[in-house]
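Residue numbers 24 to 446, in our numbering, belong to the letters of the sequence shown in order. Virtual Cβ for every residue (Gly too), placed ideally from N, Cα, C. Notes follow once the structure below has been shown.
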Amino acid sequence: MTHQSLKEKILDKSAAVGVIGLGYVGLPLATLVAKKGFRVTGFGRDAKKINLLTEGISDIESVEKKELRSLVAKGNIRFTHIDADQFALQDIYIICVPTPVDQAKHPDLTAIADIARRLSLNLLNGKLIINESTVAPGTTREEFGDLGGTYLLACSPERVDPGNKEKSVRTITKIVGGVNKKSLDAAKSFYEMILDAPVIAVSSLESAEMVKMLENTYRAVNIALVNEFARLTEKQGLDIVEIIEAAKTKWSFHAHYPSIGVGGHCIPVDPWYLVDFGRKHGVDLPVIEHGLKENEEMTEHVAQKVVSLYKPGMRVFLYGLTYKKDVKDLRESPVVRFGRILLKHKVSFTVYDPLLRDDEIKALGFKLGKPENVDIFIVGTDHKSLTSDFKKVVNKQTIVVDGRNFFRIKVGKAVYGVGRALL
Ligand code: SAJ
């Protein structure tokens with residue numbers, strides 16, 4: 024197949040599109056591509072999840088169940104195992120697999136390497152491979168640049184914001200880079216067919232990879248900056264929230280907020296890919312490294328507040344475990360790490376998260392609790408249900424350790440916020 028025929032298949036939507044990875048990134052994308060009229064096959068590893076998706080059932084809230092069911096029923100989308108024969112039959116491959124870090128904060132490219140191996144087993148002539156997984160500059164070329172045959176290769180890092188109803192994959196501006204002009208042209212045309220947002224071409228694969236690194240490192244380091252400020256304002260008895268809200272009136276100040284810690288599969292992870300890249304190229308990145316460590320230390324800092332307040336026999340209740348409000352995702356959740364620090368200090372506490380099942384909480388080694396009167400009430404994640412739930416917990420004697428600066432006014436006996444004087 025020549026480049027033109029692939030381009031024609033993109034423009035007339037007859038191209039078969041394979042989306043590899045069915046999580047927060049892959050599933051919304053696969054659904055959108057199918058909705059826009061392409062034939063889509065979603066490839067995953069988990070047979071149970073594939074069966075559920077085939078029935079139109081998904082745990083990704085941004086994917087409408089009704090819509091998924093109808094796309095499956097009409098045959099616009101199907102889900103199958105990565106080992107299925109259909110894998111070889113795609114014209115376009117979009118890679119949306121996880122790229123975590125290991126315990127030592129080194130990039131873990133296991134999933135990426137597995138997909139590269141699988142692709143190399145197939146005839147790729149005239150096909151298009153797009154990597155959306157977040158990787159350090161040079162990785163897309165290294166892993167997918169020499170798989171045999173003459174195919175097109177592009178990189179367009181995912182920009183999903185889990186839980187954000189305003190920003191969907193359809194409306195988020197897309198950055199795309201190609202290994203050559205033909206690849207860039209094909210990938211850009213494809214995204215322009217499915218998105219209602221600008222598609223911005225950059226000059227290379229590496230430039231596209233570096234855009235994502237900059238975006239998320241910027242966020243991580245700016246959160247670290249306010250976390251560092253928070254330790255200062257706490258000491259001075261000032262209120263970091265008031266200070267940030269006032270600073271926001273300055274046009275060039277982009278607000279970030281201190282908290283119990285930074286979680287998720289992006290912000291605490293992606294910048295380590297850059298640090299590793301810097302080390303490999305003899306460039307130290309102390310601001311980034313220190314910022315990432317500052318964010319981690321914030322979790323210990325908030326835990327120390329509880330440890331200093333705790334007396335054996337006190338009823339301690341931790342509300343919320345997931346990494347971010349109203350998102351059911353425990354990946355790199357700072358609150359899980361926070362709970363483990365409390366256990367290490369022999370603080371006895373119970374846990375409740377409205378988004379998690381009891382067995383999911385117990386599997387983390389925590390004791391189950393429910394919103395009721397306690398001596399120390401800890402806000403781990405400020406889910407929207409906290410607005411009503413806290414009333415069942417806080418009485419006049421309750422001490423609140425507010426890991427998310429959820430409370431704007433004093434409740435209970437006292438409120439220890441992050442970067443705030445005692446409320
Ligand atoms: N957090 C803070 N202070 C802040 C903002 C966030 O402590 O001011 C914490 C959150 O509680 C969470 C972590 O940092 O634990 C990450 O928060 P996030 O809002 O950045 O959440 P993510 O991981 O869902 O970030 C996604 C990212 N999307 C991609 O990487 C594709 C990120 O790039 C986006 O900037 C972010 O959404 C967004 O803009 O909301």
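Going by beta-carbon coordinates alone, are residue i and residue j separated by less than 9 Å?
i, j, result
"residue 41", "residue 64", "yes"
"residue 244", "residue 310", "yes"
"residue 339", "residue 346", "no"
"residue 204", "residue 218", "no"
"residue 250", "residue 320", "yes"
"residue 239", "residue 290", "yes"
"residue 43", "residue 195", "no"
"residue 403", "residue 341", "yes"
"residue 199", "residue 153", "yes"
"residue 312", "residue 298", "yes"
"residue 362", "residue 391", "no"
"residue 348", "residue 407", "yes"
"residue 216", "residue 97", "no"
"residue 30", "residue 212", "yes"
"residue 447", "residue 281", "What the structure shows of the chain is the stretch from 24 to 446, and residue 447 is not part of that stretch, so it cannot be assessed."
"residue 409", "residue 429", "yes"
"residue 440", "residue 330", "no"
"residue 191", "residue 85", "yes"
"residue 442", "residue 262", "yes"
"residue 304", "residue 254", "no"
"residue 160", "residue 229", "yes"
"residue 193", "residue 55", "yes"
"residue 178", "residue 231", "yes"
"residue 279", "residue 315", "no"
"residue 148", "residue 173", "yes"
"residue 371", "residue 394", "no"
If residue i sits next to residue j, beta carbons under 8 Å apart, how far is it from one beta carbon to the other, in whole angstroms?
i, j, result
"residue 52", "residue 117", "7 Å"
"residue 100", "residue 150", "Between residue 150 and residue 100 the Cβ distance is about 19 Å, and since that is not below 8 Å, they are no contact."
"residue 427", "residue 405", "4 Å"
"residue 246", "residue 187", "Between residue 187 and residue 246 the Cβ distance is about 17 Å, and since that is not below 8 Å, they are no contact."
"residue 113", "residue 57", "No, residue 113 and residue 57 are not in contact; Cβ-Cβ is about 13 Å, not under 8 Å."
"residue 181", "residue 163", "With a Cβ gap of about 13 Å, residue 181 and residue 163 do not count as contacting."
"residue 436", "residue 419", "7 Å"
"residue 400", "residue 423", "5 Å"
"residue 236", "residue 296", "7 Å"
"residue 124", "residue 135", "In fact, because the Cβ distance is near 13 Å, the residues do not count as touching under 8 Å."
"residue 365", "residue 359", "Between residue 359 and residue 365 the Cβ distance is about 11 Å, and since that is not below 8 Å, they are no contact."
"residue 444", "residue 260", "4 Å"
"residue 45", "residue 72", "7 Å"
"residue 176", "residue 168", "6 Å"
"residue 166", "residue 132", "7 Å"
"residue 48", "residue 189", "The pair is not a contact, with the Cβ atoms about 18 Å apart (cut-off 8 Å)."
Looking at the strands, I want to know which residues DSSP matches up with residue i.
i, result
"residue 415", "Looking at the DSSP assignment, residue 415 forms no beta bridge with any residue, so it has no partner."
"residue 45", "None, per the DSSP bridge assignment."
"residue 478", "The question about residue 478 has no answer, for the chain in this structure spans 24 to 446."
"residue 385", "Residue 385 pairs with nothing; no bridge assigned."
"residue 373", "340, 390"
"residue 437", "422"
"residue 270", "Beta-bridge pairing links residue 270 to no other residue."
"residue 239", "Partner(s): none; residue 239 has no beta bridge."
"residue 178", "154, 200"
"residue 73", "In DSSP, residue 73 forms no bridge with anything."
"residue 402", "342, 425"
Inset, instruction - Determine contact between the segment 384 to 394 and the segment 363 to 376, defined as no fewer than three beta-carbon pairs at a distance below 8 Å. - result: yes
Inset, instruction - Give a yes or no on contact between the segment 138 to 146 and the segment 201 to 211, applying the rule of three or more CB pairs nearer than 8 Å. - result: no
Legend entry - Sequence ranges, alpha helix (DSSP H) only - wholly within the segment 310 to 369, length at least 4: 357 to 367
Inset, instruction - Tell me the start and end of each unbroken beta strand (DSSP E) in the segment 94 to 147 that is at least 3 residues and wholly inside, in chain order. - result: 100 to 104, 115 to 118
Legend entry - Unbroken stretches of the beta strand (DSSP E), 3 residues or longer, contained in the segment 188 to 237: 197 to 201, 222 to 224
Inset, instruction - Write down every uninterrupted run of the alpha helix (DSSP H) in the segment 244 to 311 whose length is 4 residues or greater and which is fully enclosed by it, in chain order. - result: 263 to 270, 293 to 303
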